[in-house]
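Notes to accompany the following structure.
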Amino acid sequence: MKKVTVEELKEKAKLPGKKAMKWHPFYRGKIEVIPKCSIASFDDFGVWYTPGVAEPCKDIHKNPDKVFEHTNKWNYVAVASDGTRVLGLGDIGPLAGLPVMEGKALLFKYLGGVDAFPLMIDTKDPDKFIEVVKMVAPTFGGINLEDISSPKCFYILDRLREELDIPVWHDDQQGTAAITLAGVINALKIVGKKLSEATFSIIGAGAANICLIRTLIKAGVPPKNIIAVDSKGILHPNRPDIEELKKKNPYKYNIAMTTNGEGRTGGIPEAIKETDVCIAASKPGPGTIKKEWVAQMNDDAIVFAEANPIPEIWPWEAKEAGVRIFGTGRSDFPNQVNNSLGFPGIFRGTLDVRARTITDEMHIAAAYAIAEVAEQKGLREDYVVPTMDDWEVFPHEATAVAMKAIEQGVARIKPSRQEIYEHALEIIKEAREKTQFLMKHGFIKPPPPVE
């Protein structure tokens with residue numbers, strides 16, 4: 122096998138961006154609305170629209186739950202964002218964030234069979250954002266919050282979860298936590314360490330990592346084994362800004378008060394030193410995390426550098442420093458620790474039992490299901506989580522999530538495990554086959570070449 126040089130890897134890393142600038146204007150968007158019902162003649166519009174449509178309207182008016190049977194609400198998800206924290210690009214606004222939300226909707230459909238739509242909301246006021254989502258909620262079976270800055274994203278999620286009777290999920294929080302936990306579970310198996318005994322350095326204390334810390338603790342990691350770092354350094358009870366944190370960011374304050382059993386102070390290098398696992402979701406690199414810092418980690422170190430579009434440290438730098446297992450959020454490197462492996466299957470399972478919410482236990486169940494699929498296929502240092510090609514992961518985790526929802530009493534309906542799995546398998550397979558059919562017959566044209 123030909124050895125790939127660092128320069129070749131760097132050029133490979135630039136390729137998705139080059140393609141994006143050619144392909145996006147070529148297609149002018151990534152999703153569209155097409156009919157799913159039969160239209161044999163124009164007479165059928167009398168059934169699908171007036172006058173026939175009045176009968177299902179009256180049926181829903183008598184029994185609101187009938188909306189899940191007469192309409193596509195059971196499969197609609199809004200991808201709602203204000204564009205204040207888009208990927209690693211920051212506050213670029215709702216217009217500039219739209220390509221990301223369209224991409225999210227594409228992944229929802231192709232990987233999970235979910236009909237998702239971008240909903241860009243032009244306000245930075247969290248209360249106004251909440252009101253808009255509540256007003257449009259009757260259309261949807263679920264809400265996926267996306268790319269909203271911290272800490273208001275926590276407030277928005279908490280309010281909407283309390284005030285709506287459909288699942289509301291912040292993918293940057295729960296989705297990232299689920300797939301990261303899955304990667305950690307399997308990486309620790311490879312290196313022969315236990316989740317309950319490993320030490321963690323968490324770089325970045327935004328939405329993703331704050332939720333991850335909560336998830337790790339619920340999954341069995343002792344809080345004292347976690348050292349978290351924000352832009353001002355390691356979180357600990359004696360920080361000069363601790364009272365300010367208590368008022369402005371109670372989530373981060375709670376981490377400062379409950380983690381870091383050694384009482385470490387300093388910055389990223391001090392946090393990383395002599396830990397088993399480093400998980401970064403912070404400032405895009407390269408150079409946010411330096412090679413000499415990860416060289417100070419414990420033997421058989423695990424590093425997940427998840428910033429997009431550029432990870433905090435390049436894979437080749439981490440490997441040169443002695444890191445044994447390395448993952449990024451990118452699809453063009455091994456071990457993509459990316460929430461695209463989580464949200465399509467998690468929402469599939471959630472929608473299929475008409476769940477009223479998505480609990481922490483549901484996304485932890487998804488994490489173990491994701492890890493299980495990779496383990497069944499054979500764990501390796503460059504394969505600790507499935508890839509998107511391993512499409513069986515999505516019905517598998519959908520089933521785990523749905524069963525957990527039923528167990529926790531948040532599901533409106535209670536199909537059997539087999540029924541859940543077969544339905545998820547069928548709808549996900551159909552979504553892929555429809556796309557392939559449209560490509561084969563020229564309705565979706567091949568993208569232009571990129572030099």
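In case it helps, the numbering used here puts the sequence shown at residues 122 to 572. By construction, the Cβ of each residue, glycine as well, lies at the ideal position given by its N, Cα and C atoms.
Per DSSP, the continuous alpha helix (DSSP H) segment holding residue 219 begins and ends at 214-233.
Nearest to residue 187 by C-alpha distance, out of 351, 376, 534, 371, is 534. With respect to the C-alpha of residue 383, the residue from 510, 433, 347 having the closest C-alpha is 347. The Cβ neighbour count for residue 315, taken over all protein chains shown within 10 Å, is under 16; the residue is labelled exposed. Between residue 470 and residue 491, the C-beta gap is not smaller than 8 Å, which leaves the two residues out of contact. Remark: C-beta atoms of residue 473 and residue 521 do not approach each other more closely than 8 Å. Per the C-alpha coordinates, the member of 553, 529, 561, 517 positioned closest to residue 540 is 517. In the DSSP assignment, residue 236 is bridged to 197. Less than 8 Å separates the beta-carbon of residue 340 from that of residue 302. At the C-beta level, residue 396 and residue 433 stay beyond 8 Å of one another. In the structure shown, the three-state DSSP call for residue 542 is helix. When the beta-carbon positions are compared, residue 312 and residue 423 come within less than 8 Å of each other.
Ranking 145, 205, 231 by CA distance to the CA of residue 509 puts 231 first. 406 is the residue among 406, 385, 216, 181 whose C-alpha sits nearest the C-alpha of residue 428.
Judged by DSSP in its simplified three-state form, residue 334 adopts helix. By the neighbour-count definition (other C-beta atoms within 10 Å, threshold 16), residue 239 is a buried residue. Across the set 297, 270, 281, the C-alpha of 281 shows the shortest separation from the C-alpha of residue 256. Straight-line spacing of the CA atoms in residue 443 and residue 414 works out to 11 Å. Between residue 286 and residue 245, the C-beta gap is not smaller than 8 Å, which leaves the two residues out of contact. Distance check between residue 292 and each of 236, 373, 199 places 199 closest, using alpha-carbon atoms only. Within a 10 Å sphere around the beta-carbon of residue 196 sit 16 or more other beta-carbons, which makes this residue buried.
Measuring C-alpha to C-alpha distances from residue 378 to each of 369, 388, 360, 392 identifies 360 as the nearest.
Residues 272 of the same chain have their beta carbon placed closer than 7 Å to that of residue 370, with the five preceding and five following residues left out of the count. Here the C-alpha atom of residue 418 lies approximately 15 Å from the C-alpha atom of residue 309.
Sequence-distant partners of residue 441 (beyond 5 residues in either direction) whose C-beta falls short of 7 Å from its own C-beta, in its chain, are 412. Per DSSP, residue 562 lies in no alpha helix (DSSP H) and is assigned neither H nor E. Taking residue 288 as the centre and dropping the five residues before and after it, the same chain places the C-beta of 263, 471, 476, 478, 479 closer than 6 Å to its C-beta, in chain order.
The segment 140-212 contains, as complete alpha helix (DSSP H) runs of 4+ residues, the segments 166-169, 175-183, 188-191 (chain order).
Classified as buried, residue 435 has 16 or more neighbouring CB atoms from the shown chains inside 10 Å of its CB. Listed in chain order, the non-local C-beta contacts of residue 447 below 6 Å within the same chain comprise 424, 436, 439, local neighbours out to five positions each way being set aside. Taking residue 485 as the centre and dropping the five residues before and after it, the same chain places the C-beta of 299, 302, 336, 339, 340 closer than 8 Å to its C-beta, in chain order. Looking at the DSSP output, residue 241 bridges to 202. In the structure shown, residue 462 falls within a helical segment according to DSSP collapsed to helix, strand and coil.
Only residues of its own chain outside the window of five on either side were considered, and among them 469, 516, 519 have a CB closer than 6 Å to the CB of residue 545, listed in chain order.
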